[in-house]
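Line by line, the protein sequences are chains A and B.
Once you know that position 85 of the first sequence is 85 in our numbering, the rest is easy, because the numbers rise by one and skip nothing.
Once you know that position 28 of the second sequence is 28 in our numbering, the rest is easy, because the numbers rise by one and skip nothing.
First up is the structure itself, then whatever we jot down about it.
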Amino acid sequence: MSFEKLKREAASEWEAVQKSSKTCIFIGTGTCGLAAGAEDVLKTLNEELAANEIDATVIQVGCIGLCYAEPLIEIIKPGMPAIFYGNVTPEFMSEIVRDYLVSNNPRPDLALGTRGEGDIEGLPRLFDTPVLKQQVRIALRNCGNIDPENICHYIANGGYEGLSRALAMTPQDVIGEVKRSGLRGRGGAGFPTGNKWQFCHDAPGKQKYIVCNADEGDPGAFMDRAVLEGDPHSVLEGMLIGAYAIGASEGYIYIRAEYPLAIKRLQTALKQMEDCGLLGKNIMGSKFSFHVKIKEGAGAFVCGEETALMASIEGNRGMPRPRPPFPAQSGLWGKPTNINNVETWANVSAILNRGADWYAGYGTEKSRGTKTFSLVGKIMRPGLIEVPMGIPLRDIIYKIGGGIPDDKEFKAVQTGGPSGGCLPPSFLDSPVDYESLAAAGSIVGSGGMVVLDETTCMVEVARYFLTFTQAESCGKCIPCRWGTKQMLDILEDIVNGKGRDGDIELLQELSEAIKGGSLCALGGTAPNPVLTTIRYFRDEYEAHIYEKRCPALACQELISYYIIPDKCEGCGICARACPSEAISGSKREVHVIDQAKCTKCGTCLEVCPPKFSAVTKVSGESAVASAEPVPVGSEA
Amino acid sequence: MTVEPATKDVCTCSQESKDNLASRVDEILESFKGEKSELIPILQGIQREFGYLPEEAMSHVAEFIGEEESRVFGVATFYAQFKLVPTGRNVIKVCRGTGCHVRGAPQILSELEKRLGIKAGETTPDLEYTLETVACFGSCALAPVVVVNDKVSGRMTVSKVKKLVGNENKDS
Chain A
1 MSFEKLKREA
11 ASEWEAVQKS
21 SKTCIFIGTG
31 TCGLAAGAED
41 VLKTLNEELA
51 ANEIDATVIQ
61 VGCIGLCYAE
71 PLIEIIKPGM
81 PAIFYGNVTP
91 EFMSEIVRDY
101 LVSNNPRPDL
111 ALGTRGEGDI
121 EGLPRLFDTP
131 VLKQQVRIAL
141 RNCGNIDPEN
151 ICHYIANGGY
161 EGLSRALAMT
171 PQDVIGEVKR
181 SGLRGRGGAG
191 FPTGNKWQFC
201 HDAPGKQKYI
211 VCNADEGDPG
221 AFMDRAVLEG
231 DPHSVLEGML
241 IGAYAIGASE
251 GYIYIRAEYP
261 LAIKRLQTAL
271 KQMEDCGLLG
281 KNIMGSKFSF
291 HVKIKEGAGA
301 FVCGEETALM
311 ASIEGNRGMP
321 RPRPPFPAQS
331 GLWGKPTNIN
341 NVETWANVSA
351 ILNRGADWYA
361 GYGTEKSRGT
371 KTFSLVGKIM
381 RPGLIEVPMG
391 IPLRDIIYKI
401 GGGIPDDKEF
411 KAVQTGGPSG
421 GCLPPSFLDS
431 PVDYESLAAA
441 GSIVGSGGMV
451 VLDETTCMVE
461 VARYFLTFTQ
471 AESCGKCIPC
481 RWGTKQMLDI
491 LEDIVNGKGR
501 DGDIELLQEL
511 SEAIKGGSLC
521 ALGGTAPNPV
531 LTTIRYFRDE
541 YEAHIYEKRC
551 PALACQELIS
561 YYIIPDKCEG
571 CGICARACPS
581 EAISGSKREV
591 HVIDQAKCTK
601 CGTCLEVCPP
611 KFSAVTKVSG
621 ESAVASAEPV
631 PVGSEA
Chain B
1 MTVEPATKDV
11 CTCSQESKDN
21 LASRVDEILE
31 SFKGEKSELI
41 PILQGIQREF
51 GYLPEEAMSH
61 VAEFIGEEES
71 RVFGVATFYA
81 QFKLVPTGRN
91 VIKVCRGTGC
101 HVRGAPQILS
111 ELEKRLGIKA
121 GETTPDLEYT
131 LETVACFGSC
141 ALAPVVVVND
151 KVSGRMTVSK
161 VKKLVGNENK
171 DS
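This is the structure:
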């Protein structure tokens, strides 16, 4: 089938959804939606539709990024703007069907906002609300908007138009277009994509490979998963464009086995592409042929590094090797290979569709375009966001993310995962782009952005990341294998109150040795979380080492829980909840925590009724507490 | 990277179950050509079937792809996904992603370890529970997250752990 015919068919199918005389309901069933309970909501929805004899189209879509509001549904009733409802429960779903679909009450009290023509009183336009207003969706352009298992939805929204354009150009012109767009690798390093392609294009050899790196391993990052689950074709189209530009006829997608839904979506997408003549021989009637294989990773963080990833595809232990030779000269099975990450590929298809100038219109001079971030941690509205490069950090945290919950103070934001660092409040008004973050000692990385508040201990955060990198070090380079272990030992001592004078300097010295003596970026960046926390939060390290005190009241070995005699009413809830039976006291007696038995799990603080708030947590001091249970009201 | 060694002395397989194992492995191998690059997908197939990588199965795979057994073991022990000992009937996974970590995952993990009487990565002796940690589920909005078999429990607290596994092994 010709691409023109395919486009016409896709357009009419999409039109039928958008302008149908039937109600259309979109429900987010990505991993995040399912975890929040979308499956039960979907079940209820189908039952209610059947019970009320409503003929509606239900479409399962990927993640729109509003993770805090999952499960999320969007209802398009003929003649009405689309309405979004968030935090939908099965009961809530039944109500909506009855009130809005059967009767005509859109329930503005339950809705998040609208989209499309027309207004509903009392409801904002969702994309004009702070969480979405500053976002620009390029990589995530279709996520949450289309059925990711229907290629027609993708094509009707401009899909494969970029490939069609590319095939009409020379490979060199395609590379030129990507260079002009200013796109830099979104996997972490930020290397200019067009230049990378040029190296591989220029490398001698007939057999070349294209690889999509979908081994998203940073804890706290899920951007690539959302793209693959919500819009797999955008990535595959990007790969085809790259393959054509470089002269590759085979491609691999290296994806984490932990992403079963994304793998399934990719398999479905590949099958549809074959059926439509978009994969295999003579794509779109051209001389260009391309085949794609999916390789499942087996749980090794280091395989996100490109030489380790290739070793893994070849069936070996995933260990990095020295570069040069770079993969562009000698990659998979010794052949020229180009590796880009999921988000980079999703941007490529948009760039070829809408042009380099359009893309370069977003972002800053050196960091063009947009970047996706998974905004998580101590934030009101955790979710997946896509913003133009250069946006002030403050806008991300306070406008899009809605600030810090529970009236807590913002302390830091961790970017770049285990390879990145922690940025302090003084960075809030700086732009988020490759240069500024690097100058601050962190990196943009793949896009994890974890917000930390005053209750997070920065030494403990550094220890956490070192635990991760130390366990994931492949062991090839001794400075990485033993250096991270040594650093972790020191950090564990510090958080356990056994820190010694000179530890900070030793950590800095070890950091330099690991950075300088490791082959790949895992070791080269592993000390970053430690170095940035020492740089910006040295006082916390010093409090742990010299005063045996955790200012954030987070390090278990350095805190104690006490029951304040004046406040305790002797209700006994804490004693019953305590998993270590460390609390004594009868009804109407001031309860007492046996410090020797207490495991510092914090359950007592969690369950003490807010009207009493009798449990306190302290560090480096002891609170006034009874020695043994006494009747409420008596002198302690 | 820490890997549990395969415990050889626990195997009490009869000849019959060994034959059975071989035929089940052969069935998996049927869809492969025997190329070296297929090693990881083959091991993944075997683990899907058995829940872990039995030692005999790995020897068989080595022969199939024409490699030394040591190389097959080398690959199997490198990747965190591969298990050399059987897993429990119920698998509890505690997310240790950064989002979960700062929202209390360590306390939840230590409570589970205490209740089950095992450390992360271990299985209870009755093969009822396996306790694992994962780097990130990407359900950060629901942090902290625990997944029991395939059911996700979000916004976990130490007191909710009790409902999750009851009082299993609490006193042991």
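For every residue, glycine included, the Cβ atom is placed at its ideal position computed from N, Cα and C.
Tell me, which residues are paired with residue i by DSSP?
{"i": "C422/A", "result": "Q414/A"}
{"i": "V592/A", "result": "S584/A"}
{"i": "G23/A", "result": "As written in the sequence, residue 23/A is Thr, which differs from the Gly given in the question. T23/A is bridged to A56/A."}
{"i": "A252/A", "result": "Note on identity: in this sequence residue 252/A is Tyr, with Ala being the wrong assignment. Answer is V211/A and K293/A, bridged to Y252/A."}
{"i": "N90/B", "result": "Y129/B"}
{"i": "T364/A", "result": "Note: T364/A sits in no beta bridge, so no partner."}
{"i": "T123/B", "result": "T130/B"}
From residue i to residue j, what distance separates their C-alpha atoms?
{"i": "G86/A", "j": "A69/A", "result": "5 Å"}
{"i": "I155/A", "j": "K371/A", "result": "23 Å"}
{"i": "A356/A", "j": "G331/A", "result": "28 Å"}
{"i": "L49/A", "j": "S23/B", "result": "48 Å"}
{"i": "F191/A", "j": "K43/A", "result": "46 Å"}
{"i": "G138/B", "j": "E589/A", "result": "45 Å"}
{"i": "L45/A", "j": "I96/A", "result": "9 Å"}
{"i": "I54/A", "j": "R98/A", "result": "10 Å"}
{"i": "V292/A", "j": "N341/A", "result": "15 Å"}
{"i": "A521/A", "j": "Q486/A", "result": "19 Å"}
{"i": "E460/A", "j": "S17/B", "result": "49 Å"}
{"i": "R107/A", "j": "L123/A", "result": "10 Å"}
If you drop the 5 nearest sequence neighbours on each side, which residues of the same chain put their C-beta closer than 6 Å to that of residue i?
{"i": "P260/A", "result": "none"}
{"i": "D128/A", "result": "none"}
{"i": "V134/B", "result": "K93 and C95"}
{"i": "E13/A", "result": "C152"}
{"i": "D433/A", "result": "T364, S367, M389 and G390"}
Is it buried or exposed for residue i, if we count other Cβ within 10 angstroms and need 16 for buried?
{"i": "V10/B", "result": "Any reading at V10/B must be qualified, since the residue scores a pLDDT of 47, below 50, and its modelled position is unreliable; the value itself is stated next. Counting Cβ neighbours within 10 Å, V10/B comes out exposed, since fewer than 16 surround it."}
{"i": "Y546/A", "result": "exposed"}
{"i": "K33/B", "result": "exposed"}
{"i": "S103/A", "result": "exposed"}
{"i": "E365/A", "result": "exposed"}
{"i": "R470/A", "result": "Note that residue 470/A is Gln in the sequence shown here, rather than Arg. Buried: at least 16 other Cβ atoms inside 10 Å."}
{"i": "A596/A", "result": "exposed"}
{"i": "Q715/A", "result": "The structure shown does not extend to residue 715/A, since chain A is modelled only from 1 through 636, so no value can be given for it."}
{"i": "N149/B", "result": "exposed"}
{"i": "T57/A", "result": "exposed"}
{"i": "A627/A", "result": "exposed"}
{"i": "K287/A", "result": "exposed"}
{"i": "S374/A", "result": "buried"}
So, helix, strand or coil for residue i, using DSSP?
{"i": "D453/A", "result": "strand"}
{"i": "A11/A", "result": "helix"}
{"i": "V618/A", "result": "strand"}
{"i": "A82/A", "result": "strand"}
{"i": "G205/A", "result": "coil"}
{"i": "S436/A", "result": "helix"}
{"i": "E74/A", "result": "strand"}
{"i": "R317/A", "result": "coil"}
{"i": "P392/A", "result": "strand"}
{"i": "G299/A", "result": "coil"}
{"i": "L112/A", "result": "strand"}
{"i": "C571/A", "result": "coil"}
{"i": "I385/A", "result": "strand"}
{"i": "V88/A", "result": "coil"}
{"i": "G33/A", "result": "helix"}
{"i": "V61/A", "result": "strand"}
For residue i, is the beta carbon positioned less than 7 Å from some heavy atom of the ligand PLP?
{"i": "G383/A", "result": "For the structure depicted, the ligand PLP is absent and the ligand set is empty, with no information on it obtainable."}
Excluding the 5 residues flanking residue i on each side, which residues of the same chain have their C-beta closer than 8 Å to its C-beta?
{"i": "S164/A", "result": "F3 and M284"}
{"i": "D231/A", "result": "G62, L140, R141, N142, C143, I146, P148, Y154 and A346"}
{"i": "I504/A", "result": "I534, R538, Y541, E542 and I545"}
Excluding the five sequence neighbours on either side, which residues of its own chain have a C-beta within less than 7 Å of the C-beta of residue i, listed in chain order?
{"i": "G297/A", "result": "D215, Y254, I255, R256, A257, C303 and S312"}
{"i": "R394/A", "result": "L428 and D429"}
{"i": "A462/A", "result": "L491, P529, V530 and T533"}
{"i": "P54/B", "result": "L21"}
{"i": "G483/A", "result": "L510, A513 and I514"}
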